[in-house]
Amino acid sequence: MASPYDKNMPSSTDHPVAQPLLMLTTWPEREAAERAAEGWVNKRLAACVNILPRMQSIYCWDGELQRGEEHQILIKTDSRHADALQQAIVEQHPYECPE
83 MASPYDKNMP SSTDHPVAQP LLMLTTWPER EAAERAAEGW VNKRLAACVN
133 ILPRMQSIYC WDGELQRGEE HQILIKTDSR HADALQQAIV EQHPYECPE
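Shown next, in the form of structure tokens:
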């Protein structure tokens, strides 16, 4: 049964049955995250993107403990667009190794 939200999901014929997916990444600057999110939605790679307020991240990079502030990005898409969306994230992301 179709939901009222189906019309907002990206459309493609690559896969006969698309599974909903929630993809996550982080972004250091809100404005850049908004530009990336607008591009993904405009290209229909994502149905919706949520950019959460700044959070503190603690991680290891080059063998050293690091701290940084960044935004958690929640990307609602489907299995038909996951590969293209992942590629877009890698191409646009300022980090050498995005989450």
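For any residue, its number in our numbering is found by taking its place in the sequence shown, counting from 1, and adding 82. Glycine included, C-beta positions come from ideal geometry on N, C-alpha and C.
Check your understanding: How many whole angstroms separate the CB atoms of Arg136 and Glu120, which I take to be in contact at a CB cut-off of 8 Å?
Key -> Actually they are not in contact, since the Cβ atoms of Arg136 and Glu120 sit about 19 Å apart, beyond 8 Å.
Review point. Is Ala166 helix, strand or coil when you go by DSSP?
Key: helix
Check your understanding: How would you call Gln169, buried or exposed, if buried means at least 16 neighbouring beta carbons within 10 angstroms?
Key -> exposed
Exercise for review: Report yes if the C-beta distance between Ala115 and His153 is below 9 Å; otherwise report no.
Suggested key: yes
Exercise for review: Helix, strand or coil for Glu116, going by three-state DSSP, please let me know.
Suggested key: Glu116 falls in the helix class under three-state DSSP.
Check your understanding: If you run the structure through DSSP and keep just helix, strand and coil, what is Gln174?
Key -> helix
**Study point:** Distance between beta carbons of Leu103 and Asp160, contact taken as under 8 Å
**Key:** Confirmed, Cβ separation roughly 6 Å.
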